[in-house]
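Residue numbers for the sequence shown, in our numbering: 237 to 1028. Have a look at the structure below before the remarks.
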Amino acid sequence: MLTLRLLRCGYASRRPGGIAAAAVLVLAGLLPPGQPLAQTPPQPDPLLQRGPVVQQGVEIRGNRRIEDATILSYMGLSPNEPVTAEGLNVAVRTLFETGLFANVQIVPAADGRLVVVVEENPIIGQIAFEGNDDLDDEELEQIIQLRPRLPFVPARAEADAAAILEVYRRTGRYNARVEPFIIRRPDNRVDLVFEIDEGGQTGICSIDFVGNSAYSDRRLRGAIETDESGLFSFLISTDFYDPDRLELDQELLRRYYLSRGFADFRVLSATPALSADRECYTITFAVEEGPRYTFGDFRVLVNQEGLDPQAFAALIPGGLTGDTFDAGAVEEIADEMKDLAGQQGYAFVDVNPRADKDAQARVIDVTFELDEGPRVFVERIDIEGNTRTLDRVIRREIDLVEGDPFDARAIREARADIRGLDYFERVDIEVEPGSAEDRAVLNVEVEEKSTGSISFGVGYSTGPGIIGNVALTERNFLGRGQTVRTTVTAAGETQIYDFAFTEPRFLDRDLALGFRGFYLEDDRTDESSFNQNRFGLDLFAGFPLSEDAQLRPTYSFVSDDISIRDDASPAIVVDEGKAITSSVGYRLTYDKRNDPLEPTGGYLMTLDQEVAGLGGDRRFAKTSALAKGWVSLLDEALVTSAEIEGGALFNFGQDSRVTERYFLGGQSLRGFRSRGIGPRDLNTDDTVGGNFFTAVRLATSFPLGLPEELGIFGGAFVDAGTVWGLDRTSFGATDEQPAVTIDDDPKLRLSAGGLLFIDSPFGPLEFSIGFPLIDEDEDEDEIFRFSVGTRF
């Protein structure tokens, strides 16, 4: 290791202009100045051109490690047989191509013997890399073919250098340089050094489109994977030139147009042009849009006995005729038909949609043909490349087992599901012929990536103020697919310590189990004159009820300790002290969004219920529900959402506690401060919350015409809501407090304002300026607010 370090130090200074260092390398016996690494095999002695020579024996000289018998076996010459120049030339080249020799000469002696003079290639002692920062040594070692204790072959070193260079180019570093050098050691050994100049990433100056009229360049840039380089380029990995990604971009463009009625769309070319300073590329897509088509008539043609055409025709949504043609919708219908055929016992039915275009009318009639496909079964499923992740973690994402009918759709879904685990850089599933014509072998190849992370976050919100967060997460704990997360959060006067564990597939079934332990210190003295210390344990499970619905049962044990200020409202004073809550509940989710992070269509509905009373001090039932929908206009440039939410708290034989009630304001009702509305003690100005709430929120987002790489969008909102209902509203006078009656009537609040969304390095930021339009005198307004979130 010491020798390697000295070697690395010596080469670290060898850069263009390092004349002294270069001289040291030449004097050290690296190579004569100007000598390339590549070699060419020598030619046999020209005396052999005069005719065949009868060899009387072979004498081998110069070999030190390689036995005579090994060399003779490679030469393939038989004793006492004539040897021609051509045969001898073949023998020389054969020896040279073994990679064992740097030089080979065969000279005929006067007594008829053949003298074979060889110069053995040196043995590699150590392999080092200099100048690499983007890729570490372990990654580079996986790329090259040469290894320590193997013969050094200059051509192979050059090939390894080219392989390293190709990897750098695939990460956008087209100015990278890789040069192999050797340092000679005693006993015909060498150390091999790959000197690397990584260069900078070759970004994307601009992405242009030619031939597009239906959609703007900005819209099409959003449809592809490659991004233009911009202000936050150092945080993203899709703003450099990658030939493979360029192929994907062409397919994404095709899908984009085909889902919007352009059935004749073609990408004529995708041309990258490197700038004169070699710093960035300009990529130009030449497209031919063609006309927009609508759906015509739909037919189902069944060529498989036993299947009812009407049952499959019922899967075609009504009202599609006349709508814009969508190739993706056609594929979804075909998949549903194949599923139905499988459910009826016909696993080998192929569903082939046929599109009949009427170019003049710009209408496409679609016929779904159901034919009996080849009867092929899965013989074996092989998994390779998972050095850490257990086989069963991957295998349980494949809806096929050995012996099942071959299903191409299930294989596509399996690949998507395995990629969705986010444990792997690459996932490929190849289908190969099995041991018989009706057998297929599935080869699943994965390339693992790091699944552990430690994150630090610092931010600011107009609610709690400065927010600090440290999170340690492992998403593939011990290669079992389990998630372990520890989080410490400080937000103003609030501290949260959280630990969670999740087993996503208990007993390899579609059942998630987990637990969460937490401790919270919350200072609410500004709003409600009390401090809260809470610790608890949550147990939960989760399983799907259908493709879009999921049920998540929970059990919760929580200990709450409330300490109050001397001038707190009597409605809060009665809650002072500790209370134990033991409850069971569930969350029912129905999710039809088209994207879970940035939806532009679909809807989401949730129902939460909690019942406390299984031991502990508290007895209540709490229910809340939310329904939210999204719709896009102007080809997704304008995204609008509508949301309605409500909740109710019912207590059994006791009054509700302030920590159980509902509050509105802040992000839940913009234009008002957090916990800024609802029942309030006017003597102490303490918000006490309510047993019921409802809220309606309307919002829209739209581009501002700024450069797309800035990630800045505008928006507007209208929020309305109210909190009401207390078990007790009147409190008598005390020595410290006068008598108080709290107004808990449902009074509507309404606000409106503007939004600004910025995709920042710290996450999506949302800025809002809200103005109350309907409020009460005691409400606390909040004109400006910003927080971390998503665009709806």
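Ideal Cβ positions, reconstructed from N, Cα and C, are used throughout, including at glycine.
Checklist entry - Which of the three DSSP states, helix, strand or coil, is assigned to residue 578? => result helix
Checklist entry - Where does residue 988 sit, in a helix, a strand or coil, going by DSSP? => result strand
Item to check | N- and C-terminal bounds of the alpha helix (DSSP H) containing residue 769 | outcome: Segment 766-780 is the beta strand (DSSP E) holding residue 769; no alpha helix (DSSP H) there.
Item to check | Segment limits, beta strand (DSSP E) that includes residue 822 | outcome: 813-827
Item to check | Nearest residue (CA-CA) to residue 714, options 684, 648 and 625 | outcome: 625
Item to check | Backbone CA spacing between residue 660 and residue 392 [nearest angstrom] | outcome: 30 Å
Checklist entry - Can you tell me where the alpha helix (DSSP H) with residue 792 in it begins and where it stops? => result Not the alpha helix (DSSP H): residue 792 falls in the beta strand (DSSP E), residues 785-800.
Next on the checklist: In this structure, how does DSSP classify residue 486 when only helix, strand and coil are distinguished?
Outcome noted: helix
Checklist entry - Nearest to residue 670 by CA position, among 721, 690, 618 and 657, is which residue? => result 618
Next on the checklist: Using a 10 Å radius around the Cβ and a threshold of 16 neighbouring Cβ atoms, would you call residue 301 buried or exposed?
Outcome noted: exposed
Checklist entry - Hey, out of 498, 336, 708 and 964, whose CA is closest to residue 805's CA? => result 964
Next on the checklist: Beta-carbon within less than 6 Å of residue 719's beta-carbon, same chain only, minus the 5 sequence neighbours each way: which residues are those?
Outcome noted: 711 and 738
Checklist entry - What span of residues does the beta strand (DSSP E) with residue 362 cover, start to end? => result 359-366
Next on the checklist: Assuming residue 910 and residue 953 are in contact, meaning their beta carbons sit under 8 Å apart, how far apart are those beta carbons, in whole angstroms?
Outcome noted: Their Cβ separation, rounded to whole angstroms, is 16 Å, which puts residue 910 and residue 953 out of contact at 8 Å.
Next on the checklist: Within a Cβ cutoff of 8 Å, which residues of the same chain sit near residue 1014, ignoring the five residues on either side of it in sequence?
Outcome noted: 916, 918 and 921
Next on the checklist: At the level of alpha carbons, what is the spacing between residue 520 and residue 496?
Outcome noted: 22 Å
Checklist entry - What residues in its chain sit with their C-beta under 8 Å from that of residue 387, if we drop five residues either side in the sequence? => result 335, 336, 356, 357, 358, 359 and 360
Next on the checklist: If the criterion is Cβ atoms closer than 8 Å, does the pair residue 845 and residue 821 meet it?
Outcome noted: yes
Next on the checklist: So for residue 288, helix, strand or coil by DSSP?
Outcome noted: Residue placement at residue 288 is poorly supported in this model, since its pLDDT is 47, which falls under 50; the coordinates still yield a value, given next. It is coil, neither helix nor strand.
Checklist entry - Could you give the C-beta distance for residue 776 and residue 753, rounded to a whole number, given that I count them as a contact under 8 Å? => result The pair is not a contact, with the Cβ atoms about 12 Å apart (cut-off 8 Å).
Next on the checklist: By the three-class DSSP mapping on this structure, what secondary structure does residue 761 have?
Outcome noted: helix
Item to check | For residue 772, the nearest candidate out of 369, 816 and 760 (CA to CA) | outcome: 816
Next on the checklist: Just to confirm my understanding: we take residue 744, look at its own chain, exclude 5 residues before and 5 after, and list those with CB closer than 7 Å. What are they?
Outcome noted: 628 and 632
Checklist entry - residue 905: buried (16+ other C-beta within 10 angstroms of its C-beta) or exposed? => result buried
Item to check | Bridge-paired residues (DSSP) for residue 402 | outcome: Residue 402 is not bridged to any residue.
Checklist entry - Quick one, which of 882, 489, 838 and 859 has its alpha-carbon nearest residue 875's? => result 838
Checklist entry - Between residue 758 and the rest of its own chain, which residues show a CB-CB distance below 6 Å, the 5 nearest in sequence each way excluded? => result 730 and 768
Item to check | Inter-residue spacing [alpha-carbon to alpha-carbon] between residue 879 and residue 569 | outcome: 30 Å
Item to check | Where the alpha helix (DSSP H) through residue 325 begins and ends | outcome: 321-333
Item to check | Host alpha helix (DSSP H) of residue 454 (start-end) | outcome: 453-459
Next on the checklist: Within the continuous alpha helix (DSSP H) that includes residue 309, where are the two ends?
Outcome noted: 304-311
Item to check | Buried versus exposed call for residue 437 [16 or more other C-beta atoms within 10 Å across all chains shown] | outcome: buried
Next on the checklist: On the criterion of 16 or more Cβ atoms from any shown chain inside 10 Å, does residue 807 qualify as buried, or is it exposed?
Outcome noted: buried
Next on the checklist: Assuming the contact rule is C-beta atoms closer than 8 Å, residue 616 and residue 605 should be a hit. Round their C-beta distance to whole Å, please.
Outcome noted: About 31 Å; that fails the 8 Å criterion.
Checklist entry - Cβ of residue 488 versus every heavy atom of the ligand NAP: is any distance shorter than 7 Å? => result This structure lacks the ligand NAP, and indeed carries no ligand of any kind.
Next on the checklist: Using the Cβ count rule (16 or more neighbours within 10 Å means buried), how would you classify residue 686?
Outcome noted: exposed
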